[in-house]
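Note sheet for the following structure.
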Amino acid sequence: MKKSVFLFSAIACGVLLPQGHSYAFLIRYCIMLILFCSLLDLEVDAKSALNPRLGIIVAMMMAIAGMTAWVGNWFSPDLGLTAFMVAMAPTAAAAPVMTRLLNGRVDYVMTSVIVTNSFSAIALPLILPVLSPTSQAGIDWMALLNTLMVVLLPLAMTQLLQKLAPHLVKQLLPVKQAGFYLWVGAIYLATAKATHFIEAESTSSQSFLIEIALVSLLLCIVNFGMGRWLGGYDWGQEMGQSLGQKNTLFSIWICLTFLTPVIALGPMFYIVFQNLYNSYLLARHPKLEQV
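Below you can see the structure in the form of structure tokens.
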């Protein structure tokens with residue numbers, strides 16, 4: 000519950016104090032540090048990476064993204080692009096934490112973090128020019144390299160440390176807690192950037208913002224629900240978290256860097272909804288209050 004308070008406080012500060020928008024470029028480095036903290040004690044298991052259920056998660060990401068983008072485009076291209084960016088967000092680094100407290104298979108969800116983040120880092124720079132060929136989404140191979148660096152560099156560093164300096168990894172384990180506060184800071188920067196854009200540059204109506212919020216809510220319900228349904232009784236917790244709890248900060252960074260801040264509102268609304276759902280889990284399961 001305390002973490003939810005931090006989240007909503009960061010969003011409120013971003014709305015009320017948007018002066019921090021000038022430092023939005025730091026979001027990229029926050030994502031890299033968050034992934035580094037999350038992957039610090041993870042040992043990559045090839046067997047887990049080849050789990051066919053991970054292929055289902057990736058396939059569902061693409062299917063939901065394609066369907067919602069197609070439907071959203073009936074109303075406006077920006078709404079379709081917003082839905083696509085929300086649906087293509089990879090598994091959040093925090094998903095394994097919830098899975099552990101739900102007595103689920105943490106190794107599966109942790110592998111989903113790596114696989115889906117790598118997939119999104121490759122796919123988004125290649126697909127966005129097709130979806131938005133005349134806008135700011137002039138993404139080239141350098142952009143592909145940039146997105147891959149955000150995901151793969153922390154992964155490579157943590158794996159090298161585990162192999163070459165395991166004693167150093169043990170000493171660094173306490174810094175894992177810093178990942179949450181980096182996430183809160185990045186949420187503030189993203190909110191400040193979006194708020195400044197809406198106030199100073201955007202011509203979007205309030206009704207469009209409401210439409211973005213509704214699309215994000217619908218996608219949150221679909222992702223968690225579809226994941227639990229696909230997983231069934233045995234894998235419902237793991238697949239629900241893998242498909243539903245998203246690394247929206249990565250999508251926000253893509254939107255702010257290559258698209259427009261108004262598109263980033265989709266993943267930002269999703270953050271609120273997925274945290275409300277997790278707060279419901281916290282209230283329903285006393286054990287989860289440790290999160």
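Residue 0 is where the sequence shown starts when you use numbering that gives the first Met the number 0, and the numbers rise one by one after that.
Glycine included, each C-beta is placed from N, C-alpha and C at the ideal position.
Source: prediction; values computed, not measured.
(1) For residue 85, which of 275, 270 and 276 has the nearest alpha-carbon?
(2) Could you check if residue 13 is buried or exposed, using at least 16 other CB atoms within 10 Å of its CB as the buried criterion?
(3) By a C-beta neighbour count over all protein chains shown, 10 Å radius and 16 as the cutoff for buried, is residue 125 buried or exposed?
(4) Mapping DSSP to helix, strand and coil, what is residue 90?
(5) Considering residue 196, what are the terminal residues of the alpha helix (DSSP H) in which it resides?
(6) For residue 109 versus residue 41, is the C-beta spacing smaller than 9 Å?
(7) Less than 9 Å separating the beta-carbons of residue 246 and residue 50?
(8) Give me the Cα-Cα distance between residue 176 and residue 204, rounded to the nearest whole angstrom.
(9) Could you check how far apart the C-beta atoms of residue 195 and residue 76 are, in whole angstroms? I think they sit under 8 Å.
(10) For residue 112 and residue 90, which I take to be in contact (beta-carbon distance under 8 Å), what is that distance rounded to the nearest angstrom?
(11) Taking only the alpha-carbon atoms, compute the straight-line gap between residue 272 and residue 169 and give it to the nearest angstrom.
(12) May I have the straight-line CA-CA distance separating residue 136 from residue 166, to the nearest angstrom?
(13) By the DSSP assignment, the alpha helix (DSSP H) with residue 165 in it spans what residues?
(14) Quick check: the stretch 227 to 245 against the stretch 182 to 190, are there 3 or more CB pairs under 8 Å?
(15) Using the Cα positions of residue 207 and residue 160, report the straight-line distance between them to the nearest angstrom.
(16) What's the gap between the Cα of residue 94 and the Cα of residue 173?
(17) Just to confirm my understanding: we take residue 66, look at its own chain, exclude 5 residues before and 5 after, and list those with CB closer than 8 Å. What are they?
(18) Is it the case that the Cβ atoms of residue 253 and residue 78 are separated by a distance below 9 Å?
(19) Where residue 219 and residue 155 are concerned, what is the direct C-alpha to C-alpha distance, given to the nearest angstrom?
(20) How close, in whole Å, do the beta carbons of residue 80 and residue 257 come, if the pair is a contact with beta carbons under 8 Å?
(21) Can you check DSSP and say which residues form a bridge with residue 245?
(22) Going by DSSP in three states, residue 137 sits in which element: helix, strand or coil?
(23) Apart from the five residues on each side of it in sequence, which residues of its chain come closer than 8 Å, Cβ to Cβ, to residue 57?
(24) Determine the extent of the alpha helix (DSSP H) in which residue 27 is found, giving its start and end residues.
(25) Determine the burial state of residue 129: buried for a count of at least 16 other Cβ atoms within 10 Å of its Cβ, exposed for fewer.
(26) Here's a check: name, in chain order, each residue in its chain whose Cβ is nearer than 8 Å to the Cβ of residue 23, leaving out the five neighbours to either side.
(27) Between 217, 233, 197 and 82, which lies nearest to residue 276 when the distance is taken from Cα to Cα?
From the atom records:
(1) To locate residue 85, count along the sequence shown from 1; it is residue 86. The shortest Cα separation from residue 85 among 275, 270 and 276 belongs to 270.
(2) The residue labelled residue 13 in the question sits at position 14 within the sequence shown. Residue 13 comes out buried.
(3) Position 126 of the sequence shown, counted from the first residue, corresponds to residue 125. It counts as exposed.
(4) On the sequence shown, residue 90 is found 91 positions in, with the first residue counted as 1. DSSP places residue 90 in strand when its eight states are reduced to three.
(5) Position 197 of the sequence shown, counted from the start, is the residue given in the question as residue 196. Element bounds for residue 196: 177 to 199.
(6) Residue mapping note: residue 109 aligns to position 110 of the sequence shown, counting from 1. Residue mapping note: residue 41 aligns to position 42 of the sequence shown, counting from 1. Yes. Within cutoff.
(7) Walking along the sequence shown from the start, residue 246 turns up at place 247. Walking along the sequence shown from the start, residue 50 turns up at place 51. Against a cut-off of 9 Å, the Cβ pair of residue 50 and residue 246 comes out as no contact.
(8) Start at 1 with the first residue of the sequence shown, and residue 176 comes out as number 177. Start at 1 with the first residue of the sequence shown, and residue 204 comes out as number 205. Cα-Cα distance, rounded: 39 Å.
(9) Within the sequence shown, numbered from 1, the residue matching residue 195 stands at position 196. Within the sequence shown, numbered from 1, the residue matching residue 76 stands at position 77. Going by Cβ atoms, the distance from residue 195 to residue 76 rounds to 23 Å, so no, they are not a contact pair.
(10) For the purposes of this step, residue 112 is identified with residue 113 of the sequence shown, where counting begins at 1. For the purposes of this step, residue 90 is identified with residue 91 of the sequence shown, where counting begins at 1. Correct: roughly 5 Å between the Cβ atoms.
(11) The residue you call residue 272 lines up with position 273 of the sequence shown. The residue you call residue 169 lines up with position 170 of the sequence shown. Cα to Cα, residue 272 sits roughly 35 Å from residue 169.
(12) As a working mapping, residue 136 is identified with position 137 in the sequence shown. As a working mapping, residue 166 is identified with position 167 in the sequence shown. Because residue 136 carries a pLDDT of 45, less than 50, the predicted location of this residue cannot be relied on, and the following value inherits that uncertainty. Using only the alpha carbons, I get a separation of about 44 Å.
(13) In the sequence shown, the residue the question calls residue 165 occupies position 166. Here the alpha helix (DSSP H) through residue 165 covers 165 to 171.
(14) no
(15) Translated into positions along the sequence shown, residue 207 becomes position 208. Translated into positions along the sequence shown, residue 160 becomes position 161. Near 47 Å, if we compare the C-alpha coordinates of residue 160 and residue 207.
(16) Stepping through the sequence shown from its first residue, residue 94 is reached at position 95. Stepping through the sequence shown from its first residue, residue 173 is reached at position 174. Cα-Cα distance, rounded: 19 Å.
(17) If you number the sequence shown from 1, residue 66 lands on position 67. Once the five neighbours on either side are set aside, residue 66 has no close Cβ partner at all.
(18) Here residue 253 is taken as the residue at index 254 of the sequence shown, counted from 1. Here residue 78 is taken as the residue at index 79 of the sequence shown, counted from 1. No.
(19) Looking up residue 219 in the sequence shown gives position 220. Looking up residue 155 in the sequence shown gives position 156. Going from the Cα of residue 219 to the Cα of residue 155 covers about 31 Å.
(20) To locate residue 80, count along the sequence shown from 1; it is residue 81. To locate residue 257, count along the sequence shown from 1; it is residue 258. Going by Cβ atoms, the distance from residue 80 to residue 257 rounds to 11 Å, so no, they are not a contact pair.
(21) Against the sequence shown, residue 245 aligns to sequence position 246. According to DSSP, which records beta bridges pairwise, residue 245 is partnered with 90.
(22) Translated into the one-based positions of the sequence shown, residue 137 becomes position 138. In this prediction, residue 137 has a pLDDT of 49, which is less than 50 and means its spatial position is unreliable; what the coordinates show is noted afterwards. Coil, per DSSP.
(23) As a position in the sequence shown, residue 57 is number 58, starting the count at 1. Closer than 8 Å at Cβ, skipping near neighbours: 114, 115 and 118.
(24) The residue labelled residue 27 in the question sits at position 28 within the sequence shown. Counting along the chain, the alpha helix (DSSP H) containing residue 27 begins and ends at 26 to 38.
(25) By 1-based counting over the sequence shown, the position of residue 129 is 130. When all chains shown are included, residue 129 counts as exposed.
(26) Taking the sequence shown and counting its residues from 1, the one referred to as residue 23 is at position 24. Taken in chain order, the residues that qualify are 188, 189, 191, 192 and 255.
(27) The residue you call residue 276 lines up with position 277 of the sequence shown. Here the closest residue by C-alpha is 217.
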